[in-house]
Every structure is written in C-alpha cells, then in structure tokens.
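Chemist: Counting in UniProt numbering, the sequence shown runs from 1 upward without gaps.
Each residue gets a CB set at the ideal place from its N, CA and C atoms; glycine is no exception.
Submitted below is the structure of interest, expressed as structure tokens.
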Amino acid sequence: MLDSTFLKGSIQIHKLVTTIKSNVLMLKDIIVTKNLFLFLVKFV
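Written out as structure tokens, the structure reads:
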C-alpha cells in the first residue's frame with residue numbers, strides 16, 4: 001500500500017518537474033524572440 005502511494009507521488013512530482021521545465025524553455029524562447037525583435041527594430 002505504502003509503495004504504491006509513494007510511486008504515485010513520485011510520478012506526480014516527475015510530471016510537475018517536466019511541466020516546469022517545458023514552461024521555462026517556452027519562456028526562454030519567448031524572451032529570446034522578443035529580444036531579437038527589439039534588436040532588429042533598433043537597427044531598422
């Protein structure tokens with residue numbers, strides 16, 4: 001019983017970590033794209 005609860009918990013944590021990681025990557029992409037856009041606008 002305890003083992004299955006622990007397993008479920010670690011699966012939840014793993015899902016959470018994966019979600020956070022993908023969100024961070026998405027944020028990085030958005031920031032980089034925005035910075036590139038601003039950089040280009042300055043020179044045009």
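Rounded to the nearest angstrom, what separates V17 and S10 at their Cα positions?
Modeler: 10 Å
Chemist: Grab me the residues of V24's own chain with a C-beta within less than 8 Å of its C-beta, minus the 5 sequence neighbours each way, in chain order.
Modeler: none
Chemist: Going by DSSP in three states, K44 sits in which element: helix, strand or coil?
Modeler: The sequence given here has Val at residue 44, not Lys. Coil.
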